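Structure first, commentary second.
Okay, here's the thing in structure tokens:
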């Protein structure tokens, strides 16, 4: 739990603010203290320079000690001065021998002009030479040091106070701004594990990013719900479709057991019925497997001569049907697509037309202009207008009784629609009851530079 809290956005934003503010505070402190220190040192150096000039002047006088006292007191009592000539002490500031113990002095690294006295504190020192002698000068920087300390503690206090107040404010501000996200997280947690796929999360009006995130998530939930409903309907319909032939299958088996051995007519009819029902089950299972394959299908896109493919499909059905099958095909219509899937589309449309056409003709047209148009027209029973929007749904059949007689499963057109969409195309239907139907496939006219496909292989 503690680890999760430290990984939360609230904790991360607050920590980020604290560390950034501390870094900024340290930088500001260094700049402020450095600037103040520089000006204080510069002022001290100017004062020491002026004092050095005065001291160089008094070494020429007769009474050096008296002259030194006049220079230092009372205005410059914080200066400690020793004037020596030939190793002999000529003059020094009052009390210098008592107040300053050189054994307590420590030079500061990188700052040779500064020394630290354990008893008296910080000093600035300077040595000036004159004829046969030198002047050793130290100025006490207690006031300057205390001023820098005061600035340091002011910065430290205001910095700590700002960090505490700022952390509270940034925490509350971040919490307010993240409230929609936190609410979304709670709603998603409630949805997790729930069997109700109709639940949606609240979409905030702002910020824009969270609004888009909520909209995208709700769209995903919508798609999952629709997919689940499709799968549920598919399983239900598949069970129903398989149950019907299985029931008939078992009924005829029981009929054979009871009467088939003694009645050849019953036996023959039952065997024929078993053969029909087994073929129907086989057809249903094949189409269900086709749907399963299509959902995980990787299309092999290449330049395909669609004219050759449709010609073969027409030849295949002409051999097995009494209904005239007429083909009006433009030569060498080439598209970018998967040859097997395109063949399957043509087979499904022609097979569907033949299944529902008893008299008349079936016409297959293939043309191309801005796109490729494949249409299959029949003179069959037609489709009511109110049913036309539903015929591409799985297991949907307009006339269920007739579909069972002709072997229809209600899966063919849904498979054709999926394959057409795999090719970025569209499939449409125009139909009139007792007049006929026309199914039209529209495919984009795309080509790539590929080696010509050998259609005869």
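In the working numbering, the protein residues as written are 25 to 481. Every residue, glycine too, gets a C-beta built ideally from N, C-alpha and C. As the structure is a prediction and not an experimental result, all values here were calculated from the model.
Three-state secondary structure (DSSP) of residue i
i	result
residue 230	coil
residue 210	helix
residue 222	coil
residue 406	coil
residue 89	helix
residue 356	coil
residue 251	helix
residue 449	coil
residue 350	strand
residue 424	Low local confidence applies: a pLDDT of 47 at residue 424 is under 50, so the model's placement there is unreliable, with the coordinate-based value given in what follows. Residue state, collapsed to three classes: helix.
residue 186	helix
residue 56	helix
residue 326	strand
residue 287	coil
residue 371	helix
residue 332	helix
residue 144	coil
residue 439	helix
residue 70	helix
residue 416	coil
residue 84	coil
residue 202	helix
residue 276	helix
residue 384	coil
residue 238	helix
residue 48	helix
residue 102	coil
residue 168	helix
residue 79	helix
Residues bridged to residue i (per DSSP)
i	result
residue 115	107
residue 399	389, 464
residue 149	162
residue 95	Looking at the DSSP assignment, residue 95 forms no beta bridge with any residue, so it has no partner.
residue 131	139
residue 454	462
residue 361	326
residue 157	109, 154
Beta-carbon proximity of residue i to residue j, cut-off 8 Å
i	j	result
residue 228	residue 238	yes
residue 309	residue 357	no
residue 49	residue 183	yes
residue 361	residue 325	yes
residue 206	residue 56	no
residue 349	residue 370	no
residue 172	residue 60	yes
residue 164	residue 147	yes
residue 38	residue 187	no
residue 403	residue 449	no
residue 383	residue 341	no
residue 302	residue 279	no
residue 445	residue 392	no
residue 65	residue 105	no
residue 75	residue 103	yes
residue 157	residue 90	no
residue 72	residue 161	yes
residue 380	residue 347	no
residue 19	residue 117	Past the boundaries of the shown model lies residue 19; the chain is included only from 25 to 481, so the question cannot be answered.
residue 437	residue 407	no
residue 359	residue 469	yes
residue 352	residue 387	yes
The ligand GTP heavy atom lying under 7 Å from the CB of residue i
i	result
residue 280	This structure lacks the ligand GTP, and indeed carries no ligand of any kind.
For this session: Assess, as a yes-or-no matter, whether the segment 326 to 342 is touched by the segment 399 to 408 under the definition of 3 or more beta carbon pairs within less than 8 Å.
Result: no
Exercise. Is the segment 147 to 158 close to the segment 85 to 92, with three or more CB pairs under 8 Å?
Worked result: no
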